[in-house]
Structure formats: structure tokens, C-alpha cells
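A.B. asks: One structure coming up, written as C-alpha cells, with questions to follow.
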Amino acid sequence: MRPSPVLSSLRARVRQIESAGRRTAAVLPFGLDAIDSRLPGGGLVLGALHEVAGGGDGVLDGAAAALFAAGIAARTRGQILWCVTRPDLFAPALAQAGLAPDRVIYVEAGDEPSLLACFEEGLRHGGLGGVVAEVARLPMTASRRLQLAAEGSGTLGLAIRRWRRMDAAAEFGQPGAAMTRWRVGALPAAPLPVPGVGRARWRLELLRCRAGESADFEVEACDAQGCLAVPAALADGPAAAADGRRRAAG
Amino acid sequence: MGAAAPPVDAPLVLIGRAGRRRVVLAVDAAAARAGLRPGLPAAMAQALVPGVAVHPADPAADAEALDRLALWALQRYAPLAAADPPDGLIIDMSGAAHLRGGEGAALADMIGRLAACRIAARAALADSRGAAHALARYGGRPALVVAPGQSAAALLALPVAALRLPEEMVEGLRGLGFAHIGELAASPRAPLVLRFGPDLGRRLDQALGRRDEPIDPVRPPDGIEVRRAFAEPITAAEALARQTGILVADLCARLAAAGLGARRLDLLFHRVDNRIQSIRIGTVRPVRDARRLTRLLCDRLETIDPDFGIEIMSLSVALAEPLGPRQMVSALAAEPEADLSGLIDRLANRIGAARLYRLAPVASDVPERSLRRIAPLAPPTGETWPGHWPRPSRLLARPEPIATVALLPDHPPARFTWRGVSRRVARADGPERIFGEWWRRDAELCAVRDYFRIEDEAGERFWIYRAGDGEDAATGSQRWFLHGIFG
Chain A
3 MRPSPVLSSL RARVRQIESA GRRTAAVLPF GLDAIDSRLP GGGLVLGALH
53 EVAGGGDGVL DGAAAALFAA GIAARTRGQI LWCVTRPDLF APALAQAGLA
103 PDRVIYVEAG DEPSLLACFE EGLRHGGLGG VVAEVARLPM TASRRLQLAA
153 EGSGTLGLAI RRWRRMDAAA EFGQPGAAMT RWRVGALPAA PLPVPGVGRA
203 RWRLELLRCR AGESADFEVE ACDAQGCLAV PAALADGPAA AADGRRRAAG
Chain B
3 MGAAAPPVDA PLVLIGRAGR RRVVLAVDAA AARAGLRPGL PAAMAQALVP
53 GVAVHPADPA ADAEALDRLA LWALQRYAPL AAADPPDGLI IDMSGAAHLR
103 GGEGAALADM IGRLAACRIA ARAALADSRG AAHALARYGG RPALVVAPGQ
153 SAAALLALPV AALRLPEEMV EGLRGLGFAH IGELAASPRA PLVLRFGPDL
203 GRRLDQALGR RDEPIDPVRP PDGIEVRRAF AEPITAAEAL ARQTGILVAD
253 LCARLAAAGL GARRLDLLFH RVDNRIQSIR IGTVRPVRDA RRLTRLLCDR
303 LETIDPDFGI EIMSLSVALA EPLGPRQMVS ALAAEPEADL SGLIDRLANR
353 IGAARLYRLA PVASDVPERS LRRIAPLAPP TGETWPGHWP RPSRLLARPE
403 PIATVALLPD HPPARFTWRG VSRRVARADG PERIFGEWWR RDAELCAVRD
453 YFRIEDEAGE RFWIYRAGDG EDAATGSQRW FLHGIFG
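Pasting the structure below:
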């Protein structure tokens, strides 16, 4: 069904109003048509806040979410500020996702409020390629502030949501001001002809997307340049994917 | 002293005059071990220890050296520092400890640096000047940080001599049966004052924090300082912020004239009640941008309690470095590199400079030793870690033991239980053998870790290792640990 002209003109006006105070409307494409076509503008909007959480056990450890964020950050230009409260990130893994150690400045905040303050400070500065922060609680007010700070400077903000308890993760359903909301869950790795673990695969869920629709994808994890890939079996079409692959729970 | 210097390990005493006698005034550790102590007649000391090196005491030079040390403390640690003769420094750490990574870290750093200059020092941090003085000398620990509000309780068990009283008064108190401060604090004040005079009560109140004892801080002799005195004391936060702005503008004009940039700035607030409150800010590079410095200072204004009002504000440069014009862009086409030093300064003044870092590779195969922290704005190292083997994105601070079902010697486990959840291993990669670094510790002489990357049925990937090679008990305990989580 073709959208009515009234609706499309209204959409254009809304977009115009929303982008009034924004300096840039640049986007960072994933380089995968399957994902980019679902995002308005054809990629992650740079001057905006994006939320990422892990699925399953990733709610607590945020391992896949951190790699996903590192892959995105690796494809930006400039230094990255990475704010944490628990310093358990292993930098060699970020380097393997394309984020060179020289590009990352770590901020070890003592508690959540000062972490959010550092996050906002980094977003306001404008000279960074991106700011990543590992936060547990992100109430509407805080995410609104961060979104405005990101809009003002055109810096990419990535909030890795990471909780200390499994049941606290229900909070992820709460509304927020972030532009997109993602969930990254682990899937069994690409099968190899020999024993061993192949390239990691993720179930990537786009849970919420402003001016867009939610979707989910099955992707191969970041390569050394931080780029995701579509599994080879899927690239040939959905029919080829149906056989020989187990579905993951969670 | 040059060639006339005595051998390092010979006992050394300093002698001076007490009345008409020549007595020992100070002894070093070797002399103290030989049985010498201050107060001994000089001739007796020389008779008791034949090889003793004797030097005349020079109190004026001592005082001068102590002042120099106070200046050092001022530049390094806190805006309010003063010599506390004959043998101490008094430093007001409030509002400055965050720059050194907290109070405990600041004290440890101080003692370490003094030790490197061969000065044995003890330090204590407490609520009042008197308490810190007593705890540093009688607290029994080289670096003692007393929690806020606990100083009075910590004092009660110390001997009466800790109160900075004249020798004869301490003797008199001891004669009356007062051994500890607690006993003194619990007894009625009037009879004691009648006998010993008002000094006793004053010192007791100062130690217990009931009476103020201002510090008369040292100022750098040729430092750049601007001050404003107000006809009416000011209290409002906006007024303080405005005056800060004016002071910074004045200071920057003077810095510009001198071709300097500030690395450390102290803003002192002289209150109506004769107390001084302070803010110290640090920057990673010399700065004389008035807006930036004002913002850094105003960020910390909330820590100031103006109480009945502030009469004088003074802003001084504790540490300055040359700051000349600098070329920003070398080629026309090059995009200017973003200047992050302003952001780093703001974050460092908020959470502490030690919590802001970059990680650089270290050539070590042991995962927890493969990185080191460097300053956030250090020049790029251009190095990275070897990427032959995948590394987990989360590394547990301490490897956690797991229960496994595994074939020895070189198979990954078939099942394992971690944090109460049992998982079946669907696929595995490994082993990646990492040897202990025998040059570090004897215990690592033949230690081995065999790392496996494993994936359970749900697709969660983990990094586990076996301590030992699976055969030889000397290489490790052969127990399994989970060390990291892949994404």
C-alpha cells in the first residue's frame, strides 16, 4: 500500500521540527542493507543516544553488548570516552573489534550519578568520536538530558545497559529518550568443517527505533574493522538458512 | 657536606646548648640503637659510643628546610600547608585529596616520595589539627586515615604526651596518675586548670576538635597571586561565582604577561570567623583560558561553606609552566585534532585523575598482566595486542573455579558448572598454553595455564583454563577456572 501524500507530508514536517536544533543529521551506516534499510536515514544517527543491552546472561555481563558498541565506536572518527563503574572490560577484545587502544580513554566513575555526569560531559564536549557508558538505571530524565547533549554536539552516545540482578533488567522496557534500543544475544557460532568455535554470531534485536519499526536480525559478530556481517547461509536467501542450523533459546 | 660527610651507617648526633651545658639534641636511628638519646650530655655520648659522629645543631637551617618542605607539600598536595616546628608539617587536605586519588592514596604517595628523599615520615589524617598531630606521632601506623567523626575516639587511648604540652606538665600529669588522654578528658576541668594553667584545656579542646586552630599557610615566594577583599562579607553562591570569574580574569592577565600557564590553582576563601576554606584544581596541560579555569573552579564551589560570610578571596598559582604560542594545524588540508584537555580536566576534577586513563599493551602472555594504565593524553603508542587468538570482552578480576567433567590431559571439559548453572559444552577451541613468568616469581617457575574457548548449547561463549598441563602436578593444581566471557 502506498502511503498517502498527507501522511508523508506530515512525516516530513515532523522530521523538520525534530531536526531544528540539530547541527548534523549525519548517520553511521552498518554497511549491511538488511539493517540499514530499517533505520531512518540509513544508519545510526550520530548526534543521538542509542541503548544496547545483552540478552540472556548478557544482562549481567554485557559482553556481547560491549563488543557491539566497540564495533560501532571503531567505525567513528576520533577518540572514544568509555565510562564504567566496574572495570572488567578487557581491552585486547576491543582492539580485536577494531577499536585501537590509543583511541579509548577510560573513565572509572565511583557510582551511577557521577557516571551519568561524566557521560553527559563527554557528549557535550563535541570533540570526541563517541561516548560509551555502562549504566544500570537510565530514567527518562537522564536519557532526555543525554539525548539533548548528544544532539547539541553531534557526538554519538552509546549506553550499554548492564544490571546487577537478572530481574532488574525488566526496566529495559521502560520508555526513554534514546533514538534506538538494541538487544544483542549470543547465538551458536558459525559452523566449521573441523572441531572448533567459528566466528561468533549474535541475534540483534532492534527493540525500539524512533521514526522506524522494530526488527531482528541474525548477524556475525564484529570483524577486525568493527563491521558486522550477514551469515553466509542467510545471504543466499531464507530458504537456504532453514536447514542445518539450530535455533537458539533466548 | 661533601668529603667531610660521615659514613652513612655511623651513628650521628646533633649537639647544641641547653642552658650552660652541651647536650645531645637529636640522634639518628643508628645512634638510638647504640643507646643514645636526646638530653644526654655531649661528652657522655662521645664516651658511650666511641665512633659517633658529632655535628652542631643548626635550628635556623632546620626551620628553613622545613619551610621548603612545606612549600613542596603546597605545590603537590594541598592549598593550605605550613611548617609545624620542630619536626612536622601540617596540611589541610580538605578539597584537594581528590586530585591524588583519595586521602589514603595521597598519604601513601607523600610518605613514599619523602622516603625516596631519605626522609622517614609518618602521617595521619584526622578531623582537627591537634588530633592529626597526635595520631601521626603516637598513632602507631606510618599512614593513618581516621574516618570523619572518629578522631576524638581514636585520641582517647593515646598518652598524654601527644597533646603538645610542655615536658614538665606531662611529668606533672603523669605524677597525678593521668596516663592517657581519655582519663584527662573524663576528669573535671576546673581543678586541672587551677593546677596546670589554661594551656592544658586549650590543647585538649584543640585535639578533640572543640576549638579552632587556624593554619597560617606558606605562600610561594614569587608566586602569582590575586586577591579581593570585600567591604561586606559575601555568602551567595552567585556572588562567589562572579568574584571567582573576576579573579580568574585578573590572574590570566598576569599569567599572559609572564608567558605562563597554570597547572594547579588554589582559590582560598577567608571567612569572617578566621577560617580558611579552599578549592584546588589541577589541569593536564598549562592553561590560561579564563573561561575554562572559571568553569573548573565553579564546578567545585558547592564544596565551600561560606557560613557567616567571606571577607577575602585569593587565587594563587601553585604550579605554573611556560605556555607560549603553539602551532595548531600543520597542513591546510589536515583537520584540526580535537583538544580534549579541557574535558579531561573537568572529569579529573570531578572523579580524580587516577580514575581517568588509557590502556597500553604490555608484552606479557598472562592476560591480567598484558595491559598497563597510561595518562589519558599521553602520546599515542601505536601498539596493540597480538591478535592471533580471540580474547574475551569481559575478564573476571579473579578467575572463578568451576566444576567440570573433562578428559585429561588435553581435552576441553564436556560439562561445567559455573555460578550454580550447569552447561554442556557444544564446541571448544584450544588449548592455548600460557607459561608462567619465571623471572617474576619462583612460584611461576613451571606454572602452566591451558586456555580453552568454549561455547555452550545456547551459544554463550566463555574463556576457561586449567591450572597445569593435565599431567604434571608441578605445573599447577589441575583445577579448572573460568576467566572471561566472550560476546
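Note that the protein sequences, when read in sequence, are chains A and B.
Reading the first sequence from the start, the letters are residues 3 to 252 in the working numbering.
Reading the second sequence from the start, the letters are residues 3 to 489 in the working numbering.
Virtual Cβ for every residue (Gly too), placed ideally from N, Cα, C.
1. What is the DSSP secondary structure of Y140 (chain B), counted as helix, strand or coil?
2. Does the CB of W204 (chain A) have a neighbour CB from chain B at under 9 angstroms?
3. State the DSSP-derived secondary structure class of L16 (chain B), mapped to helix, strand or coil.
4. Which complete beta strand (DSSP E) runs does the region 421-456 of chain B hold, if anything under 3 residues is left out?
5. Does T26 (chain A) get closer than 9 angstroms to chain B when you measure Cβ to Cβ?
6. Taking C-alpha atoms, which residue in B:L165, B:A128, B:T477 lies nearest to A445 (chain B)?
7. So what does Q279 (chain B) bridge to, in DSSP terms?
8. Would you kindly check if the distance between the Cβ of S280 (chain B) and the Cβ of L82 (chain B) is under 9 angstroms?
9. Apart from the five residues on each side of it in sequence, which residues of its chain come closer than 6 angstroms, Cβ to Cβ, to F488 (chain B)?
10. Can you name the residues that DSSP bridges to D252 (chain B)?
11. Using a Cβ-Cβ distance cut-off of 9 angstroms, determine whether Y467 (chain B) contacts chain A.
12. Let me know the beta strand (DSSP E) ranges lying completely inside the region 183-213 of chain A, each 3 residues or longer, listed in chain order.
13. Can you confirm whether F174 (chain A), when its beta carbon is compared against all beta carbons of chain B, has any partner nearer than 9 angstroms?
14. Under 9 angstroms, Cβ to Cβ, is there at least one residue of chain A near P1 (chain B)?
15. Counting only beta-carbon separations shorter than 9 angstroms, does E459 (chain B) have a partner in chain A?
16. Which of the three DSSP states, helix, strand or coil, is assigned to S318 (chain B)?
17. What would DSSP say about F121 (chain A), mapped onto helix, strand or coil?
18. Using a beta-carbon distance below 9 angstroms, is F219 (chain A) in contact with chain B?
19. Using a Cβ-Cβ cut-off of less than 8 angstroms, list which residues of the region 421-447 of chain B approach chain A; keep chain order.
20. Where do the ends of the beta strand (DSSP E) carrying F483 (chain B) lie?
21. With DSSP as the reference, label E169 (chain B) as helix, strand or coil.
22. Looking at A55 (chain A) and A65 (chain A), is the spacing between their C-beta atoms short of 9 angstroms?
23. Suppose contacts are defined by Cβ-Cβ distances below 9 angstroms. Is A350 (chain B) in contact with L358 (chain B) by that definition?
24. Just tell me which of A:C224, A:L91, A:Q176 has its CA closest to the CA of A399 (chain B).
25. Relative to the alpha-carbon of G119 (chain B), which residue among B:A149, B:A67, B:A136, B:M95 has its alpha-carbon at the smallest distance?
26. Which residue marks the beginning of the alpha helix (DSSP H) containing R198 (chain B), and which one marks its end?
27. Just checking my contact of D341 (chain B) with V286 (chain B) at CB under 8 angstroms: how many whole Å lie between their CB atoms?
28. Would you identify the three-state DSSP class for R25 (chain A), choosing helix, strand or coil?
29. Kindly identify the DSSP beta-bridge partner or partners of A231 (chain B).
30. Let me know the secondary structure DSSP gives P7 (chain A) once reduced to three states.
31. Please identify, using Cβ separations under 8 angstroms, the residues of the region 381-410 of chain B that lie next to chain A, in order along the chain.
C.D. replies: Considering the structure as presented:
1. helix
2. yes
3. strand
4. 423-437
5. The predicted position of T26 (chain A) is uncertain, since its pLDDT is 48 and thus under 50; a value taken from the coordinates is nonetheless stated next. Answer no: the Cβ-Cβ gap between T26 (chain A) and chain B never drops below 9 angstroms.
6. Relative to the Cα of A445 (chain B), the nearest Cα in the group B:L165, B:A128, B:T477 belongs to B:T477.
7. B:F271
8. yes
9. P394, R463
10. According to DSSP, which records beta bridges pairwise, D252 (chain B) is partnered with nothing at all.
11. no
12. Correct list: 203-211.
13. With 9 angstroms as the cut-off, F174 (chain A) does not count as an interface residue toward chain B.
14. This structure cannot speak to residue 1 (chain B), because chain B is shown only from 3 to 489.
15. Interface residue, yes.
16. Secondary structure at S318 (chain B): strand, using DSSP grouped into helix, strand and coil.
17. In the three-state reduction of the DSSP assignment, F121 (chain A) falls in the helix class, which pools H, G and I.
18. No, no contact with chain B.
19. A428, R429, A430, D431
20. 482-487
21. In the three-state DSSP reduction, E169 (chain B) falls in the helix class (H, G or I).
22. At a Cβ-Cβ threshold of 9 angstroms, A65 (chain A) and A55 (chain A) do not count as neighbours.
23. yes
24. A:L91
25. With the sequence shown as reference, residue 119 (chain B) is identified as Cys, and Gly is not the correct amino acid for it. Taking only the C-alpha atoms, the option nearest C119 (chain B) is B:A67.
26. Here residue 198 (chain B) is Phe; the residue named in the question, Arg, does not match the sequence. Segment 191-198, the alpha helix (DSSP H) holding F198 (chain B).
27. Not a contact, Cβ separation roughly 11 angstroms.
28. Note that R25 (chain A) has pLDDT 48, beneath the 50 cutoff, so the model's placement of it is unreliable and the number below is only indicative. For R25 (chain A), the three-state secondary structure derived from DSSP is coil.
29. B:I314
30. helix
31. Within the region 381-410 of chain B, the residues whose Cβ lies closer than 8 angstroms to any Cβ of chain A are, in chain order, P382, T383, G384, E385, T386, W387, G389, P392, R393, P394, S395, R396, L397, L398, A399.
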